[in-house]
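Protein chains in written order, with the numbering used here: chain A, -16 to 354; chain B, -7 to 98.
In what follows, a structure is listed as structure tokens, so that the remarks can point back to it.
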Amino acid sequence: MSGVRVLVGTRKGAFVLRADGKREKWDVSGPHFPGWEIYHLKGSPANPDRLYASQSSGWFGQLIQRSDDGGVTWEPVGNEFRYHGTPGTHQWYDGTPHPWEFARVWHLESSLDDPDTVYAGVEDAGLFRSTDGGWNWEELPGLREHRSGPSWQPGAGGMCLHTIILDPAKPGRMFAAISAAGAFRSDDAGQTWQPVNHGLHSEGIPDPGAEVGHCVHRIAMHPSRPSVLFMQKHWDVMRSDDAGESWREVSGDLPTDFGFPIEVHAHEPETVYVVPITSDSHHFPPEGKLRVYRSRTGGDEWEPLTTGLPQEHCYVNVLRDAMAVDSLDDCGIYFGTTGGQVYVSADAGDSWDPVVRDLPAVLSVEVQTLQ
Amino acid sequence: MSGPGDAAVVRVVLPAHLRTLARVDGVVELGVAGQVTQCSVLDALETRYPVLRGTIRDHGSGKRRAFVRFFACQQDLSHEPPDAPLPEAVATGAEPYLIVGAMAGG
């Protein structure tokens, strides 16, 4: 029987939530790695029992954990992330040069066809790859060594590479996004990269055509149309129909175009989800009402989804990696909040239920659809 | 005093998170060959428990992580040279070498 496995990373450990295809009754396991920050967990599409988790702490640094049984047991694997060569400098908040320093792994992305190959997006922004199941990590330096690298600056959360998307149709094509440098594309499996930020406009950047310096929060793609990308930027929800060559704003009638996550319906490539958040320093939902917004038109026209979500006194945030969709016939949507709730909708967003209410602050949510 | 060729038994106390990670309970007893220094103790610790590599000292540079401290015999040894001999009481196992997660974080 089909079902789902939801992988939740929090400020104080990882949780694994399991349900059958109805997504009504949930088995909750965890915390795994209690007390550690789990920025992200990811399962392998080629072997769903192979999971990777990014475990870190300000005291004891970075670890990578691996499971080969769907998250029941875990094994620490390699944790050495050494930049290629002499890493040089990027810009610090005050505009002075600052050495590249590894802080943590923000995002893990498994190869689409090899369980032992996994990519890691790190802070300070860099892209690493392991081809031996996480034991050894090697940087793909072409991104960090892009000529614009010395001008990259950190966002408020650090200079993180938070989004990695692998194109299922064009082997070798991949996208990455960095806060606050922007979006980048590689067409040669990560060896070389080009910024793909034309059309992005960021308040505070003097040059309206700036190649980099954009605070991209998240990018999403539907696997059936890999040249169409949706982006939640610091401000603005954006869309590209040419694999990032150009972008246009599709914020439309959203109550605020600030937010962090963005996702695409598993079976409807024009159906997109965002969670508007009051910009810029509040970082909680407008009017204290937690609303997911759905567009069935690929942007511009949005509808609030509120059934089952708190519509008063709600002041949580939903972080960039904390939303996911399953691929069951009735597409399920999931998101987690900084208040420790994980919500599920088994009907594409029409109604929502909490799976758990009182976890530590949720950093990431991923879902695996199991057959 | 231990000398070349001898293996001192040094007792090391790990912070709770690292005990969990290394899957050990209580005090770790390590045989340390040669001069007993912070560096040789940590080398022996990481050889016994490779999972601890990078959690106490940075990979590559070998520098103590910022929020990890080293104590022994009521002394803060965190800023001592890594190759300086540890107190005799540590080298003989009479006193433990303490690895502590700093009281930081607000």
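We put the CB at the ideal spot given by N, CA and C, even for glycine.
- Taking a beta-carbon distance threshold of 9 Å, phenylalanine 158 (chain A) does not count as an interface residue toward chain B.
- Between alanine 166 (chain A) and glycine 104 (chain A), the gap from beta carbon to beta carbon reaches 9 Å or more.
- Within the region 36 to 52 of chain A, Ser40, Gly41, Trp42, Phe43, Gly44, Gln45, Leu46 place their CB atoms closer than 8 Å to a CB of chain B, listed in sequence order.
- Looking at the backbone, the Cα of tryptophan 176 (chain A) and that of alanine 226 (chain A) are separated by about 13 Å.
- Considering only A:Arg208, A:His200, A:Pro209, A:Met204, the residue with the shortest C-alpha distance to glutamine 215 (chain A) is A:His200.
- Among the bridge pairs identified by DSSP, glycine 319 (chain A) is matched with A:Val325.
- Among the residues facing chain A, arginine 45 (chain B) is included, as its CB has a counterpart in that chain under 9 Å away.
- Against chain A, the CB of histidine 71 (chain B) has no partner CB under 9 Å away; the residue lies outside that interface.
- Under the three-state reduction of DSSP output, leucine -10 (chain A) falls in the strand class.
- Just so you know, the alpha carbons of glycine 13 (chain A) and tryptophan 285 (chain A) end up roughly 36 Å apart.
- A:Gly322 is the residue among A:Gly322, A:Glu122, A:Arg130 whose C-alpha sits nearest the C-alpha of leucine 302 (chain A).
- Around the Cβ of threonine -7 (chain A), a 10 Å sphere holds 16 or more other Cβ atoms; the residue is buried.
- Counting only residues of its own chain and dropping the five nearest sequence neighbours on each side, aspartate 341 (chain A) has a CB closer than 6 Å to the CB of Gly323.
- Residue-level contact check: arginine 56 (chain B) does not touch chain A, since none of the beta carbons of chain A fall below 9 Å from its beta carbon.
- Here the alpha carbons of glutamate 63 (chain A) and arginine 61 (chain B) stand approximately 21 Å from one another.
- Selection B:Val1, B:Ala94, B:His9 evaluated against glycine 23 (chain B) yields B:Val1 as nearest (Cα-Cα).
- If you compare the alpha carbons of A:Asp10, A:Asp170, A:Phe111 with that of proline 151 (chain A), the shortest gap goes to A:Asp170.
- In the structure shown, the three-state DSSP call for aspartate 35 (chain B) is helix.
- At a cut-off of 9 Å between beta-carbon atoms, glycine 26 (chain B) makes no contact with chain A.
- In the structure shown, the three-state DSSP call for glutamate 7 (chain A) is coil.
- The C-beta distance from alanine 64 (chain B) to valine 82 (chain B) rounds to 5 Å, short enough to fall under 8 Å.
- Under the Cβ criterion of 9 Å, glutamate 122 (chain A) is not counted among the residues facing chain B.
- Here leucine 90 (chain B) carries a strand assignment [DSSP, helix/strand/coil].
- The Cβ-Cβ distance between glutamine 136 (chain A) and tryptophan 218 (chain A) does not fall below 9 Å.
- Counting only the Cα atoms, proline 79 (chain B) lies some 44 Å from histidine 90 (chain A).
- In this structure, the alpha-carbon of phenylalanine -2 (chain A) lies about 12 Å from that of glycine 319 (chain A).
- Nearest to phenylalanine 43 (chain A) by C-alpha distance, out of B:Gly52, B:Arg56, B:Thr47, is B:Thr47.
- Scanning chain A for C-beta atoms nearer than 7 Å to the C-beta of glycine 52 (chain B) yields Arg65, reported in chain order.
- For the 9 Å CB-CB criterion, leucine 44 (chain B) and leucine 13 (chain B) form a contact.
- Note: aspartate 68 (chain B) is bridge-paired with B:Phe63 in the DSSP secondary-structure output.
- Judged by DSSP secondary structure, alanine 307 (chain A) falls within the beta strand (DSSP E) whose first and last residues are 306 to 308.
- Taking the C-beta atoms as reference points, arginine 277 (chain A) is found no nearer than 9 Å to glycine 315 (chain A).
- For the region -1 to 32 of chain A, residues whose beta-carbon sits nearer than 9 Å to a beta-carbon of chain B comprise Phe16, Pro17, Gly18, Trp19.
- Counting along the chain, the unbroken beta strand (DSSP E) around glutamate 246 (chain A) starts and ends at 242 to 247.
- Within the region 164 to 190 of chain A, contact with chain B at the beta-carbon level (separation under 7 Å) is assigned to no residue.
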